[in-house]
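Number of protein chains: 2
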Amino acid sequence: MNHFDLPAGFRFAATASGIKRSGKLDLALICSDRPASVAGVFTRNRVTAAPLQVCRPRIAAGRCQAILINSGNANACSGEQGLQVARQSSSILAQQLSIAEELVAVASTGVIGEQLPLAPFERGIPELVKALAGDQASAVAEAIMTTDAYSKLASARIENPDGAYHLLGLAKGAGMIHPDMATMLGFVLTDAAVAPALLDSALRRAVQNSFNSITVDGDTSTNDMVLLLANGANGAAAIQPGTAAAEQFCRHLERVLLDLAKMIVRDGEGATKLAEIRVTGAASDETARIAAKSVATSTLVKTAFFGEDANWGRIIAAVGYSGIEVDQNRIDISFNQVPVTRNGLSTGSELEARATEVLKLDEFVVQIELHQGAGAASYYTSDLGYEYIKINADYRT
Amino acid sequence: MNHFDLPAGFRFAATASGIKRSGKLDLALICSDRPASVAGVFTRNRVTAAPLQVCRPRIAAGRCQAILINSGNANACSGEQGLQVARQSSSILAQQLSIAEELVAVASTGVIGEQLPLAPFERGIPELVKALAGDQASAVAEAIMTTDAYSKLASARIENPDGAYHLLGLAKGAGMIHPDMATMLGFVLTDAAVAPALLDSALRRAVQNSFNSITVDGDTSTNDMVLLLANGANGAAAIQPGTAAAEQFCRHLERVLLDLAKMIVRDGEGATKLAEIRVTGAASDETARIAAKSVATSTLVKTAFFGEDANWGRIIAAVGYSGIEVDQNRIDISFNQVPVTRNGLSTGSELEARATEVLKLDEFVVQIELHQGAGAASYYTSDLGYEYIKINADYRT
Chain A
0 MNHFDLPAGF RFAATASGIK RSGKLDLALI CSDRPASVAG VFTRNRVTAA PLQVCRPRIA
60 AGRCQAILIN SGNANACSGE QGLQVARQSS SILAQQLSIA EELVAVASTG VIGEQLPLAP
120 FERGIPELVK ALAGDQASAV AEAIMTTDAY SKLASARIEN PDGAYHLLGL AKGAGMIHPD
180 MATMLGFVLT DAAVAPALLD SALRRAVQNS FNSITVDGDT STNDMVLLLA NGANGAAAIQ
240 PGTAAAEQFC RHLERVLLDL AKMIVRDGEG ATKLAEIRVT GAASDETARI AAKSVATSTL
300 VKTAFFGEDA NWGRIIAAVG YSGIEVDQNR IDISFNQVPV TRNGLSTGSE LEARATEVLK
360 LDEFVVQIEL HQGAGAASYY TSDLGYEYIK INADYRT
Chain B
0 MNHFDLPAGF RFAATASGIK RSGKLDLALI CSDRPASVAG VFTRNRVTAA PLQVCRPRIA
60 AGRCQAILIN SGNANACSGE QGLQVARQSS SILAQQLSIA EELVAVASTG VIGEQLPLAP
120 FERGIPELVK ALAGDQASAV AEAIMTTDAY SKLASARIEN PDGAYHLLGL AKGAGMIHPD
180 MATMLGFVLT DAAVAPALLD SALRRAVQNS FNSITVDGDT STNDMVLLLA NGANGAAAIQ
240 PGTAAAEQFC RHLERVLLDL AKMIVRDGEG ATKLAEIRVT GAASDETARI AAKSVATSTL
300 VKTAFFGEDA NWGRIIAAVG YSGIEVDQNR IDISFNQVPV TRNGLSTGSE LEARATEVLK
360 LDEFVVQIEL HQGAGAASYY TSDLGYEYIK INADYRT
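Going down the list, the protein sequences come from chains A and B.
Numbering that gives the first Met the number 0 puts the first residue of the first sequence at 0, with every later residue one more than the last.
Numbering that gives the first Met the number 0 puts the first residue of the second sequence at 0, with every later residue one more than the last.
Written out as C-alpha cells, the structure reads:
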C-alpha cells in the first residue's frame, strides 16, 4: 500500500510489549493529527470486556483522536482490576500525546478471564508514541492479530467534486466459523470530513451488510467493536446526509468493510473455502437474511463444503428450520448457477456431479431461490474442517 | 432385556430389505396385538419428509396399531413420488396385517433428497409380518440406526395398585452435536391403558425435558418424530389425568426418554464426553433453558471440552450472548462442584487445574449459577472433535 492510498493526517505504530509470550507484536496505536469525528458499533453480548466499558461512553460523545489496541489478552471477565488497567493505559497514552483522555479509545483481544498487567503498557506506550509514522498501518494490522493467519487491510480512494478522500480499514478476526466466535475488531479511517449523523448511520448500514453478515447481531464476542474515524484532513467541506456525496461515501465504506469481512471468513479458523449463501425471492430482505444465516451457520452444511459434497438436502433442511415460512415444493438451489434442486427435488446425478466440481473451488456462491417475492440477502461462511478443531481445542495450551 | 421387562401385547421384527447398500438391517416393524392409543411429537421444520406428512394426521386421530420404519433413506425432498411410496408401503402393511391403513404409522431416516424405491417394501413387509415376535425389540433398535454407533433401548417396570405395567423406549440418533442434526426417532410402548389427554400431555412434557434438551424445538430435522403407544394389554383400568398414578406415569416416562436422550448425546458423532450444562439461579426456568442451550450448542465450548480445557471464558461468553439479562459480576461456574469462576472472575490456577482433571472424565456437570432467582434447567451436550468432521464431511461418499 503506497502513501497515495492512505488517508491524510493519520499515523500508526506497533510494538511487542510482552503481553504475548511469543514476543510477537501485541500493542498498537492509531493516531490522528487532530480530533476526529467518530462512530462506533459494539458487541451486543451482555458480558462485555473492560476496554468496551471504558470506550463506549467516549465514542458516544462523538470525538476521538487515538486508538490503543492490545492483542494476547481480552481484558474480559477481569473485574475492577481490568477496568483499572483499561483506564490507566488510556491515561498514560493521553499524557504522552498531550490530549484529553476522553479522546482515547481502547480495545483488547485475546484470552478471556486472565488479568491483563499494566507493565507492558507502561513500557510500550512511550515507544509507540515515539515511533508513530504515516506508513506503519500494516504493522498495526499485524499487531492486532490473535489466531489470524494473516493481517487484514482494505482501502479506497474516492474522487469527489469537493476534493478526493481516502478510506483505510484494518480488521482482525478469524474465528468466524460460528457466531460465537473469537473477537472481531475493525477500524476505519478517512480524511474526509463527515457530518456526525451521517457517520453513524453510514457505519451501521455498512456493518449490517458486511461484518454482521458473517457474524451475528446478538451473537458476538465480549470484545467486538468497529470504529470509524473521520478527521477532515483533506480540507474539503463536510459530507452532508442526503447528498450524492453521502451515497458515494456509504457505498465505498460498505465495499471496504465487505472486503475486510470476506478476508475474515477466508481466514476462518481452519477454513479452506469462502461461500456466499445468497437467498433470493424471499418475502422480504429480513426473511432472506434469516434463511441465509441459518444455512451459513449450519455445521452440517459447513462440513459438507469441507467434504466437497453438494449435499443440498442439508441446505434445504437448514432453510426449513430457520423459522421463516417456505413452500418446500418451490425451492431452487444452485452452486455457481449449476442447479441441483428445482421445486424442492433433485435435478439428477449429472448436475450434482457438476455442482461437486464447483465445490472444489476456493470460492463459490450457493443461491437459494424461494419464489415468494423480491427479498434478498447474502451471508458469507467458510467450510468446517479438522483445523478448526485443532485450533480451538488447543487454543490456551 | 428379558421378557419380564417388556410391555405385553407388542411384537417386533426387522429385516435387511436392500435400502442400505451395506446389506445391514434397514426395515423394522412394531406391532400391537390391538389398536393402541397414540400421541406424537413431530419436527417443527417447515420442510417435512413424506412419511411425516402421511403419518401426522393419523396420529392426530389418536389410534395406532403398527409402526413401519426404514433407515438408509429419509424419503425427504422426494416430492409426489415420495408421498406415493410412503402411502403404498403403509397400504401393503395394512393389507398384510388385516388392519385399517389409518392404524399404520410410517417413519424414515437417512439421506435427504434421493427417491426411495418401493421394491424393498414389497419384498420386506411380508417377511416382517411373518417374523413378528415378542423378543425382537433389540433387532428393531438396530434396524433404525444410521450413523449411530450403537442401538438405544430403555425400559421400566412400574408397580401400580391397579396392576403393574411397562415402558419400553427405542430411539435412534447420533448427529446430536448441533441442533441442525441428523434425524432423531423415538418410539415408546406401554401396556398400560392411558387416557388420551394424559398420553399427549405426558409425552410433550417428557420430550421437553429429554429429547428437546439435547436438540432444539424449532431446529429439528425434516424427519424427527417421537410416538408413544399405550395398548392397555395389562388389563388394568386406564390411568386418568390428575391422579397420583398419572404423576408416576409421567415421571417414569420422562426417565425412560432421558435415558435414551443421554445415549444419543453420548453417541454424538465423534463424541467422547457427555456434559450436562446445568443453569441455576435464573430468573425463570425458561431463561435458564435459553442460557443452557446457548452454552450447550457453542462450538467453541464443545471444542474446549474435546481439548479438556476448562475454558470458562467461552462459557461465560455464551451465557452473555444467549439473549437473557445477566449480571456478569454475579456469575459462578463450576465443573463437578470445582469452582472455576466466582462473581464473574477466575478463582485461580489451582482450582482451574482441578477442573481440568474433571474434564478428563467421560461425563461431567457444568453448573452455572446466575444468582437471580429460582429458575433452573439442564441441557445435555457432547464434545466436538475430529471424528465429527470425518463423519459429516464424508457421509454420502
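Where is the CB? At the ideal position from N, CA and C, for every residue including glycine.
Beta-carbon spacing of residue i, residue j below 9 Å
| i | j | result |
| --- | --- | --- |
| alanine 12 of chain A | leucine 131 of chain A | yes |
| valine 365 of chain B | arginine 277 of chain B | yes |
| asparagine 69 of chain A | leucine 115 of chain A | yes |
| threonine 279 of chain B | glycine 374 of chain B | yes |
| arginine 10 of chain B | glutamine 135 of chain B | yes |
| proline 6 of chain A | aspartate 190 of chain A | yes |
| threonine 286 of chain A | leucine 383 of chain A | no |
| alanine 402 of chain B | alanine 201 of chain B | Look at the range of chain B in this structure, 0 to 396, and you will see that residue 402 of chain B is not part of it. |
| isoleucine 18 of chain A | phenylalanine 186 of chain A | no |
| alanine 453 of chain A | isoleucine 111 of chain A | Coverage of chain A is limited to positions 0 through 396, which leaves residue 453 of chain A absent and any answer about it impossible. |
| proline 119 of chain A | serine 16 of chain A | yes |
| alanine 282 of chain B | glycine 372 of chain B | yes |
| threonine 271 of chain A | serine 345 of chain A | no |
| serine 77 of chain A | alanine 48 of chain A | yes |
| valine 225 of chain B | leucine 188 of chain B | no |
N- and C-terminal bounds of the beta strand (DSSP E) containing residue i
| i | result |
| --- | --- |
| phenylalanine 9 of chain A | 9 to 14 |
| phenylalanine 186 of chain B | 184 to 189 |
| leucine 167 of chain A | 164 to 171 |
| alanine 153 of chain B | 151 to 157 |
| isoleucine 314 of chain A | Looking at the DSSP string, isoleucine 314 of chain A is not in any beta strand (DSSP E); the run it does join, the alpha helix (DSSP H), is 311 to 319. |
| aspartate 32 of chain A | 26 to 41 |
| glycine 109 of chain A | 103 to 110 |
| aspartate 331 of chain B | 331 to 334 |
Chain A within 9 Å of residue i, Cβ atoms only
| i | result |
| --- | --- |
| threonine 271 of chain B | no |
| tyrosine 385 of chain B | yes |
| isoleucine 330 of chain B | yes |
| isoleucine 276 of chain B | no |
| methionine 175 of chain B | Caution applies to methionine 175 of chain B, whose pLDDT of 45 falls short of 50 and renders its modelled position unreliable; the model cannot decide the point. |
| glutamate 368 of chain B | no |
| arginine 313 of chain B | yes |
| threonine 47 of chain B | yes |
| glutamine 371 of chain B | no |
| threonine 145 of chain B | no |
| alanine 85 of chain B | no |
| leucine 344 of chain B | yes |
| arginine 43 of chain B | yes |
First through last residue of the alpha helix (DSSP H) which encompasses residue i
| i | result |
| --- | --- |
| alanine 90 of chain A | Checking the displayed sequence, the identity of residue 90 of chain A turns out to be serine instead of alanine. 78 to 96 is the extent of the alpha helix (DSSP H) around serine 90 of chain A. |
| leucine 369 of chain A | Unbroken run through leucine 369 of chain A: none, as it is neither H nor E. |
| proline 119 of chain B | 118 to 130 |
| aspartate 284 of chain B | 284 to 295 |
| glutamine 401 of chain B | With chain B covering only 0 through 396, there is no way to say anything about residue 401 of chain B. |
| valine 300 of chain B | 298 to 305 |
| valine 357 of chain A | 348 to 357 |
| alanine 136 of chain B | 136 to 142 |
Contact with chain B by residue i, beta-carbon distance below 9 Å
| i | result |
| --- | --- |
| glycine 78 of chain A | yes |
| alanine 316 of chain A | yes |
| alanine 170 of chain A | no |
| glutamate 380 of chain A | Checking the displayed sequence, the identity of residue 380 of chain A turns out to be threonine instead of glutamate. Chain B, which has no Cβ nearer than 9 Å to the Cβ of threonine 380 of chain A, makes this no. |
| isoleucine 213 of chain A | no |
| alanine 281 of chain A | no |
| glutamate 324 of chain A | yes |
| glycine 112 of chain A | yes |
| arginine 55 of chain A | no |
| proline 178 of chain A | Annotation note: pLDDT 38 at proline 178 of chain A (below 50); position unreliable, no value reported. |
| lysine 19 of chain A | no |
| glutamine 207 of chain A | no |
| alanine 75 of chain A | yes |
Cβ-Cβ separation, residue j to residue i (assumed contact under 8 Å), whole Å
| i | j | result |
| --- | --- | --- |
| alanine 35 of chain B | asparagine 230 of chain B | 4 Å |
| glutamate 126 of chain A | arginine 45 of chain B | No, glutamate 126 of chain A and arginine 45 of chain B are not in contact; Cβ-Cβ is about 58 Å, not under 8 Å. |
| glycine 71 of chain B | aspartate 25 of chain B | 5 Å |
| alanine 173 of chain A | threonine 146 of chain A | 5 Å |
Residue i: contacting residues in chain E (beta-carbon distance under 7 Å)
| i | result |
| --- | --- |
| serine 220 of chain A | Absent from the structure: chain E. Protein chains present are A and B. |
Residue i: CB within 8 Å of a non-hydrogen atom of the ligand FMN
| i | result |
| --- | --- |
| valine 325 of chain B | This structure does not include the ligand FMN; it has no bound ligands of any sort. |
Discussion item. Report the start-end ranges of each beta strand (DSSP E) in the region 207 to 265 of chain A that is 3 residues or longer and not cut off at the edges.
Written reply: Every unbroken stretch of the beta strand (DSSP E) spanning 3 or more residues and falling wholly within the region 207 to 265 of chain A is given here in chain order: 224 to 229.
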